[in-house]
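Okay, so here's the structure we're looking at.
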Amino acid sequence: MTGVPILTAAQMRQAEQAAFRAGTDEYALMEIAGRAAAEIIWRAGHRRDTLVLCGPGNNGGDGFVIARLLKERGVPVRVAALCDSRTASAQRARAGWDGPVEDMMIAAPAVQLVDALFGTGLSRGLEDAVAARLCWLAEDAALTFAVDLPSGVETDSGALLSAVPHFGLCIALGAYKPAHLLHPAAGLVDRLVLADLGIELPSHVHRLGPAELTAPGADSHKYTRGLVAVIGGAMPGASLLASIAAARSGAGSVRRYAHDLPSAGPHAIVHRQFDDIDEVTGLVSDERVGALLVGPGLGLDAKAAALLDVALSSAHPLVLDADALTLLARKDRPLPPDSILTPHEGEFHRLFGVLPGSKIDRARSAARSSGAVVIYKGPDSVIAAPDGRVAVASGMSSWLSTAGTGDVLAGLVAGRLAVTSDPLRAACEAVWLHGDAARRCGAAFVADDLLDALPAAIAARL
Ligand SMILES: NC(=O)C1=CN([C@@H]2O[C@H](COP(=O)(O)OP(=O)(O)OC[C@H]3O[C@@H](n4cnc5c(N)ncnc54)[C@H](O)[C@@H]3O)[C@@H](O)[C@H]2O)[C@@H](O)CC1
Ligand SMILES: Nc1ncnc2c1ncn2[C@@H]1O[C@H](COP(=O)(O)OP(=O)(O)O)[C@@H](O)[C@H]1O
Ligand SMILES: [K+]
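Residue numbers (my numbering): -17 to 444.
Printed below as a string of structure tokens:
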């Protein structure tokens, strides 16, 4: 899986400890982190009047290093602390700062604010008065920087433990943490920059990287490139959107089984109109089918449930979306191998109940218990495989929150599954392409517009 690793606070500490055992000096690492952050702040803000807020731990230590280095470059810097420095490295960094240290609760604002109060060591919300002061100082600043994390966010879940201001830039130290990508915390940062500290970062969880696609080989034909079957139902528009997305995903051919015949194209899709369920059962034994999608516009009545049973009785890799997920929650049937589930928040709860932990933890438990790849959708879509691998997509256009975009995603997932036969890869590629198509559409688009943007999104990744 490609992409930058995401580490929890405990994993980050382990990686740090491993680096120390291998000979890295703890204070040297703080200097590296502080220098990287100072460089980023310098590039963004140059000689602007700056206030650095330092907390008691190593995040505060980073703050003292940043202040010293900015001052060396001629930046007018003031430092304000919450309390004494408690770790040996933070005390050493504080000793290296040759200016005064103000009391944060009475310090005046500056044009640039650097928040080095708390990072991965935050164990509870900031005291109300401290959080309010941080918000007030941030509101008065033109440029706001969070060192490692905005102070007040829970590292592993992205929850807000106290009031947290909005930051223009967050400098993630060493690796991304879940809070950099998961909402609500991720929504409080305009831009996220990763400062590489050169430490080894073993993780099964990565930020979703760009899809890496290949064009069809010269010997390809429509069946080797993957046949997608889509079972439609009560609402024809949804399965049509999904079918067109599948057809524009790089798959070789798409067959749509539905009660209706659409009045317009694309004519490349083969429409199989059916009234009786027996007319669909042939699908089950058609070995050419590389992926079978059921759910968009399926409905929730007995006929829909019977269609889902047909899909579940096949051995084809299944993509289950929308109504199929709601119906599945009422059943207790195993899924065929290599299946993919694409729930949004409501569908996830119906299917898996209330699970503990972060969105990453919940997606991972759901993938493990269902044996399927789960795309837990939202502004921070989490893609989890049963073996524990996870990719987190973030920064996607919030204009995607419009009807039918999930149908397009489901079609894309089925298309990429038929092409790759690898459910995790297919899910990652589809989420990436969906996000890129949205970016290309700009603002106020409708789901249909995404379909037109797909070929360009694919071309950009060849
Ligand atoms: N892990 C790494 O590889 C590196 C980490 N560094 C920095 O170290 C940070 C983590 O440092 P620490 O573990 O010292 O943690 P923090 O600096 O985030 O804060 C921990 C301290 O704050 C106290 N505390 C926690 N919540 C509080 C609250 N709500 N109110 C008042 N006090 C509270 C704790 O008791 C502890 O004393 C990272 O975020 C990063 O900035 C860098 O210096 C170097 C590299
Ligand atoms: N605020 C948001 N920011 C980014 N992406 C979003 C946001 N809200 C929804 N999405 C994405 O849009 C799609 C919506 O899917 P879904 O909820 O199933 O809608 P529908 O059923 O109407 O098609 C998903 O891919 C989801 O990740
Ligand atoms: K911070």
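C-beta atoms are modelled at their ideal positions from N, C-alpha and C, and glycine is treated no differently.
Candidates the options: closest to residue i by CA position
i, options, result
"V59", "W79, G215 and I181", "W79"
"T32", "S67, L300, L108 and A123", "A123"
"V112", "S133, F127, Q94 and V428", "S133"
"S73", "E8, E136 and R421", "It is Gln, not Ser, that sits at residue 73 in the sequence shown. When only C-alpha atoms are compared, the closest one is E8."
"S383", "K313, K341, V428 and G353", "V428"
"P318", "L309, L333 and L300", "L300"
"V96", "A70, H203, V34 and T137", "V34"
"G191", "A412, R398, D110 and V(-14)", "V(-14)"
"R312", "R332, H298 and S296", "R332"
"L289", "S267, D260, P316 and D314", "D260"
"E(-2)", "S202, S231, E182 and A229", "E182"
"H241", "G219, G247, V390 and H203", "G219"
"H186", "I440, T(-10) and G397", "T(-10)"
"V76", "L104, G107, D110 and G37", "Reading the sequence as shown, one finds Arg at residue 76 and not Val. Here the closest residue by C-alpha is G37."
"Y205", "F334, P244, F2 and D268", "D268"
"I213", "S231, H203 and Y239", "Y239"
"D430", "L179, G388, V262 and P338", "G388"
"K159", "V135, F149 and E109", "V135"
"G397", "S363, G360, I440 and P325", "I440"
Spatial distance of residue i from residue j (CA atoms)
i, j, result
"G16", "A157", "15 angstroms"
"A446", "A400", "There is no way to answer for residue 446, as the model of the chain reaches only from -17 to 444."
"R346", "H28", "43 angstroms"
"L176", "L125", "18 angstroms"
"D85", "A0", "36 angstroms"
"G42", "A128", "11 angstroms"
"K285", "R254", "17 angstroms"
"A211", "P368", "24 angstroms"
"D291", "L406", "24 angstroms"
"V355", "G5", "40 angstroms"
"T196", "V413", "17 angstroms"
"L170", "I342", "19 angstroms"
"A200", "G208", "15 angstroms"
"A366", "S351", "11 angstroms"
"R115", "H188", "34 angstroms"
"S294", "S403", "Before going further, note that residue 294 is Leu rather than Ser in the sequence given. Each residue's alpha carbon lies about 18 angstroms from the other."
"L415", "P82", "51 angstroms"
"V57", "M(-6)", "31 angstroms"
"V61", "V47", "11 angstroms"
"L131", "P198", "43 angstroms"
"C117", "L163", "21 angstroms"
"L104", "S144", "11 angstroms"
"D320", "D303", "15 angstroms"
"G424", "R106", "39 angstroms"
Where the beta strand (DSSP E) containing residue i begins and where it ends
i, result
"E84", "V83 to D85"
"L155", "F149 to L155"
"F127", "L125 to V129"
"G370", "Element bounds for G370: n/a, residue is neither H nor E."
"I213", "L209 to I213"
"H203", "Taken as a continuous stretch (DSSP letters only), H203 belongs to no beta strand (DSSP E), as it is neither H nor E."
"D418", "That residue, D418, is in no beta strand (DSSP E); its alpha helix (DSSP H) goes P405 to C423."
Burial state of residue i, where buried means 16 or more other Cβ atoms lie within 10 Å
i, result
"Y358", "buried"
"I88", "exposed"
"L394", "buried"
"C65", "exposed"
"L444", "exposed"
"A348", "buried"
"A426", "exposed"
"V336", "exposed"
"G101", "buried"
"D257", "exposed"
Beta-carbon spacing of residue i, residue j below 8 angstroms
i, j, result
"R50", "W24", "no"
"P147", "S221", "no"
"I322", "A408", "yes"
"L280", "V271", "no"
"L433", "I226", "yes"
"R422", "A438", "yes"
"D418", "A392", "no"
"A(-8)", "D44", "no"
"I153", "I14", "no"
"L151", "R173", "yes"
"A246", "V236", "no"
"D305", "L282", "yes"
"A373", "C410", "yes"
"A168", "S379", "no"
"E329", "L309", "no"
Range covered by the alpha helix (DSSP H) that runs through residue i
i, result
"V395", "T387 to T402"
"I357", "Careful: I357 lies outside any alpha helix (DSSP H), inside the beta strand (DSSP E) at V355 to Y358."
"A429", "A429 to A441"
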